[in-house]
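Numbering of the sequence shown is given in UniProt numbering, commencing with residue 1 and proceeding in unit increments. Glycine is no exception: its CB is placed at the ideal position from the N, C-alpha and C atoms.
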Amino acid sequence: MTRAPAKQRLRLLSCNILAGASVQRYRQYVTRSINAVLPGRSKLENLDRLAELLPQFDVIGLQEADAGSLRSGFLNQTRYLAETSGMPYWSHQPNRPLAQLSHTANGLISRLEPQVVIDYPLPSRIPGRGALLARFGADANGLAVMIAHLSLSAQARAKQLGFIAEVLQDHPHAVLMGDLNTDAHSPEMQHLFERCSLQPPVHPVLTFPSWKPKRALDHILVSPEIHIEKVWTLPQAFSDHLALAAEIQLPAASHRSTR
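Structure representation (C-alpha cells):
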C-alpha cells in the first residue's frame, strides 16, 4: 500500500513595521512625528530585534516597510531584514512615494522560493495601495500567498477586498495576510468571504494598538483545505501593531506542489 505524503506545516508572520518606528502611546504619534520623516539609530535597532525572530518563520509578509527614502536612511528595509535574518528570498512592492521623504512598500521574505511574484495595485480614490501575490509551486495545487495593506476608508476597503476576492478565487490553496484595517465582522470583510473561499477567523486576535490591543486589524486568512493549527502575536511590540503569527498545515497536494 502506498502511503500518502505527510502534510506540510508552515509558519507565517504578518507584520506592519511602521518603517521601523516604535510607537508605544497614542501621544507619540505627535511627540515623535519628526522621527517619521528622519532616519535614526533606534529604527535600525528595532529592525535588528525583529530580524532575530524571522528565522522561526517560513513566509513573512511586511506592511509599511520603507523601500529606501530619507526616513530609513535610504535603506530598503525588506531587503535589510531578509539579509540580516539570513532568509534566502525577498521581494517588495513599493507604493505611495512621497517625494524623497518616505516610500512605503509591502514586503515578502521567504524560506521557500516563490515560483512567481505579482504586484497588484488596489483600487482606491487616492492611488497608492497595493497587494503582493506570491505563488509557491508550478501548478494549480500550489500555495498562493497575498500580502496586503488596505485603506482606512470602509468604501475603499470594500473595493479592494472585492478585487482581492476576484484574484484569489482562482487559487484553491490561498492565504491572505496583512493589515486589513478592519475586523473580521465588518460588512466589507463579510463580502470578501462571500465572494471567495477564504474563511473567517475562528478566534480573531487583537493586534492594535500594540501597547494595549483592542482591535483585530491584522489577519491571516486561509482557504478551507488549509488548516490553521494556531495563531498568536509576538510578545515584542515592533510598531503600533503587534506582529501576527500562524502555523498552518497544507493539504498533501499543495505540499507536493511547493516542494
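Quick one: give me the first and last residue of the beta strand (DSSP E) that residue i is part of.
| i | result |
| --- | --- |
| residue 11 | 8 to 16 |
| residue 167 | Looking at the DSSP string, residue 167 is not in any beta strand (DSSP E); the run it does join, the alpha helix (DSSP H), is 154 to 168. |
Based on the DSSP output, what are the partners of residue i in its beta bridges?
| i | result |
| --- | --- |
| residue 137 | DSSP output for residue 137 lists no bridge partner at all. |
| residue 91 | 108 |
| residue 65 | 105 |
| residue 121 | 130 |
| residue 148 | 131, 178 |
| residue 218 | 179 |
| residue 232 | 245 |
| residue 227 | 249 |
| residue 59 | 12, 110 |
| residue 116 | 135 |
| residue 208 | 215 |
| residue 143 | 136 |
With 16 as the cutoff for other CB atoms within 10 Å, does residue i come out buried or exposed?
| i | result |
| --- | --- |
| residue 126 | exposed |
| residue 172 | buried |
| residue 211 | exposed |
| residue 93 | buried |
| residue 152 | exposed |
| residue 232 | exposed |
| residue 188 | buried |
| residue 99 | Reliability of the predicted coordinates at residue 99 is poor, the pLDDT of 46 falling under 50, and the value obtained from them is presented with this limitation in mind. It counts as exposed. |
| residue 166 | exposed |
| residue 77 | buried |
| residue 138 | exposed |
| residue 243 | buried |
| residue 258 | buried |
| residue 114 | buried |
| residue 140 | exposed |
Measuring alpha carbon to alpha carbon, tell me which of the options ends up nearest residue i.
| i | options | result |
| --- | --- | --- |
| residue 229 | 134, 245, 132, 146 | 245 |
| residue 235 | 213, 185, 131 | 213 |
| residue 136 | 110, 204, 209 | 110 |
| residue 53 | 89, 123, 11, 199 | 11 |
| residue 58 | 112, 107, 186 | 112 |
| residue 203 | 129, 61, 184 | 184 |
| residue 133 | 60, 208, 216, 182 | 60 |
| residue 226 | 243, 241, 165, 145 | 145 |
| residue 161 | 143, 142, 197, 56 | 197 |
| residue 108 | 200, 65, 138 | 65 |
| residue 195 | 223, 169, 80 | 169 |
| residue 179 | 9, 193, 239, 223 | 239 |
| residue 14 | 149, 199, 164, 158 | 149 |
| residue 222 | 192, 72, 83 | 192 |
| residue 75 | 47, 86, 56 | 47 |
| residue 158 | 123, 81, 142 | 123 |
| residue 129 | 164, 143, 142, 117 | 164 |
Cβ of residue i within 6 Å of any heavy atom in the ligand ATP?
| i | result |
| --- | --- |
| residue 245 | Because no ligand of any kind appears in the structure shown, any question about the ligand ATP cannot be addressed here. |
For the alpha helix (DSSP H) containing residue i, name the first residue and the last one.
| i | result |
| --- | --- |
| residue 249 | That residue, residue 249, is in no alpha helix (DSSP H); its beta strand (DSSP E) goes 244 to 250. |
| residue 85 | 77 to 85 |
| residue 194 | 187 to 195 |
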